[in-house]
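K.L.:
If you want full-length UniProt numbering, it's the position in the sequence shown, counting the first as 1, plus 500.
Glycine included, every Cβ here is placed at the ideal spot set by N, Cα and C.
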Amino acid sequence: AKRDGGAQHRMHRTAAPSAEDADLLQLEADLHHALARGELELHFQPQFDARTLSVVGAEALLRWRHPVHGMVRPDRFIPLAEASGLIVPIGRWVLDEACRQAQQWSALAGREIDVAVNVSARQMIDDHLPGEVAEALRRHGLAPRRLELEITEGIAVRDVDQARGLLERLHALGVGVAIDDFGVGHSSLAYLRDLPVRRFKIDRGFLRGVPADAGGARLVAAMVSMARGLEVGVVAEGVERIEQLDFLVEQGCEVVQGFLLGRPLPADDFLHRLLDDAFGHRGRS
Ligand code: C2E
Ligand code: MG
Ligand code: MG
Ligand code: MG
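1) Measuring CA to CA, which of Ala712, Asp530, Glu650 is closest to Leu580?
2) Out of curiosity, what's the CA-to-CA distance linking Leu667 and Arg576?
3) Quick one: complete alpha helix (DSSP H) runs, 4+ long, within the region 540-617?
4) Round the Cβ separation of Val720 and Leu707 to the nearest angstrom and send it over; I've been treating them as touching at under 8 Å.
5) Mind checking Leu748: buried by the 16 CB within 10 Å criterion, or exposed?
6) Out of Ala616, Ala609, Val619, which one is the CA nearest neighbour of Phe779?
7) Which residues in the same chain have their Cβ closer than 6 Å to the Cβ of Gly674, if we skip the five residues on either side of it in sequence?
8) Measure the alpha-carbon distance for Asp626 versus Gly665 and round it to whole angstroms.
9) With a 10 Å radius around its C-beta and 16 neighbouring C-beta atoms as the bar for buried, classify Ser785 as buried or exposed.
10) Just tell me which of His533, Arg537, Leu524, Gln545 has its CA closest to the CA of Phe759.
11) Pull up the DSSP beta-bridge partners for Arg699, would you.
12) Can you tell me where the beta strand (DSSP E) with residue 446 in it begins and where it stops?
13) Three-state secondary structure (DSSP) at Val724?
14) According to the neighbour-count rule (16 or more other Cβ atoms, all chains shown, within 10 Å of its Cβ), is Met571 buried or exposed?
15) Exposed or buried, which one is Arg510 when buried takes at least 16 other CB atoms within 10 Å?
16) Within 6 Å: the Cβ of Val594 and any heavy atom of ligand 1?
17) Hey, quick one: how far does the beta strand (DSSP E) through Val739 stretch, first residue to last?
18) How close, in whole Å, do the beta carbons of Ala678 and Ala616 come, if the pair is a contact with beta carbons under 8 Å?
19) Gly683: which of Val660, Asp659, Val735 sits nearest, CA to CA?
20) Would you mind giving the Cβ-Cβ distance between Gly752 and Val724, rounded to the nearest angstrom? I have them listed as a contact below 8 Å.
21) So for Val755, helix, strand or coil by DSSP?
22) Taking only heavy atoms of ligand 1 into account, decide whether any of them is closer than 6 Å to the Cβ of Ile625.
23) Judging by CA-CA distance, which residue of Pro766, Leu561, Glu528 is the nearest neighbour of Asn618?
24) Just verifying my parser: in three-state terms, what is the DSSP assignment at Leu761?
25) Assuming residue 817 is part of the alpha helix (DSSP H), what are its boundary residues?
26) Going by alpha carbons, who is nearest to Val756 out of Ser554, Gln526, Glu528, Ser518?
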């Protein structure tokens, strides 16, 4: 029997499977072929230097162009990919594709562009991950420091010894590690302090009412200042309004990402964005 039944498990939990369960089951079955059929693609959301607003890198975000359902959001299919173990081959493809793109853009734009890749819990317990990361970097000639792996706090904290071992192997390769959705998980600051983490990504939930909501603003300010105290970088995600950007710059946040400045784009559109940036359309008027 399969070790992870994924959607099947969910279906057997209730006596009468709902339409939603049947949909998930079908979606999971389709996901098995998605990679081989070329239905998966990466979009790239630009990350900006908060002060100059020039593009410094991109976060790779997975998209599934389903033949029937159209574009399926990762929040819907990543959990299926994790439960079924499909996230391992899919994640390997994401890593390879992200490294390939980053190297290609850098060559075309004439400057170094960093790339961040999301890594799920299931991949973090896979002993092969550091080897696969090294292989993807080598294959595309990407300098390790230009790749950042985004893990969620939950993973880092769930099994600290295992996470530490893996993070240290990744760190030894020269790859950066970011804590994604920072502040949302079961924060265990003592652990985070000891892990080789390059930066925190402040979850967009914290930015929602900022800066008008004084309590929220103080919280974000404290997170930025804590990151500085720990000597790790800080990225704010989900920046949607100019007031949020101004506030983050005032607090000393270094890198920003959000719909205000740029949505996730197909690779070619991202390249055009980079080239525009290079031809002087950068910065704030
Ligand atoms: P995440 O890593 O926290 O990615 C940020 C999400 O916030 C993305 O959603 C992005 O499109 C969205 N976002 C960015 N700026 C804004 C903004 O200003 N406003 C709002 N409302 N949203 C913004 P997306 O692409 O739907 O991805 C959702 C999640 O799926 C990601 O959250 C990540 O956890 C997961 N994911 C995406 N790609 C991959 C992948 O290749 N591998 C794995 N394991 N997980 C992935
Ligand atoms: Mg992320
Ligand atoms: Mg995030
Ligand atoms: Mg998130």
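P.N.:
Checking against the coordinates, here is how it stands:
1) Comparing Cα-Cα distances from Leu580 to each of Ala712, Asp530, Glu650, the minimum goes to Asp530.
2) Between the alpha carbons of Leu667 and Arg576 lies a gap of roughly 27 Å.
3) Within the region 540-617, complete alpha helix (DSSP H) segments of at least 4 residues are found at 574-584, 587-609, given in chain order.
4) About 6 Å separates the CB atoms of Val720 and Leu707; that is less than 8 Å, so the two are in contact.
5) Around the beta-carbon of Leu748, 16 or more other beta-carbon atoms lie within 10 Å, marking it buried.
6) Out of Ala616, Ala609, Val619, the CA that lies nearest to the CA of Phe779 is found in Ala609.
7) So the qualifying residues of the chain are Pro644, Arg645.
8) C-alpha separation (whole angstroms): 12 Å.
9) Confidence in Ser785 is poor, its pLDDT being 42 and thus under 50, which makes the residue's placement unreliable; the coordinate value appears in the next sentence. Around the beta carbon of Ser785, fewer than 16 other beta carbons sit within 10 angstroms, so the residue counts as exposed.
10) Closest option to Phe759, Cα to Cα, is Gln545.
11) Ala678, Gly733, per the DSSP bridge assignment.
12) Only positions 501 to 785 of the chain appear in the structure, and residue 446 is not among them; the question remains open.
13) It is helical.
14) Exposed.
15) Note that Arg510 has pLDDT 48, beneath the 50 cutoff, so the model's placement of it is unreliable and no number is given.
16) Checking the 6 Å criterion, the Cβ of Val594 is within range of a heavy atom belonging to ligand 1.
17) Val739 -> no beta strand (DSSP E), and no H or E assigned at all.
18) Yes, Ala678 and Ala616 are in contact; Cβ-Cβ is about 6 Å, under 8 Å.
19) Distance check between Gly683 and each of Val660, Asp659, Val735 places Val735 closest, using alpha-carbon atoms only.
20) The pair is a contact, with the Cβ atoms about 6 Å apart (cut-off 8 Å).
21) Here Val755 sits in strand by DSSP.
22) No; taking the cut-off as 6 Å, the Cβ of Ile625 has no heavy atom of ligand 1 nearer than that.
23) Its Cα nearest to that of Asn618, the residue Leu561 stands out among Pro766, Leu561, Glu528.
24) The answer is coil: DSSP assigns Leu761 none of H, G, I, E or B.
25) This structure cannot speak to residue 817, because the chain is shown only from 501 to 785.
26) Cα-wise, what sits closest to Val756 is Ser554.
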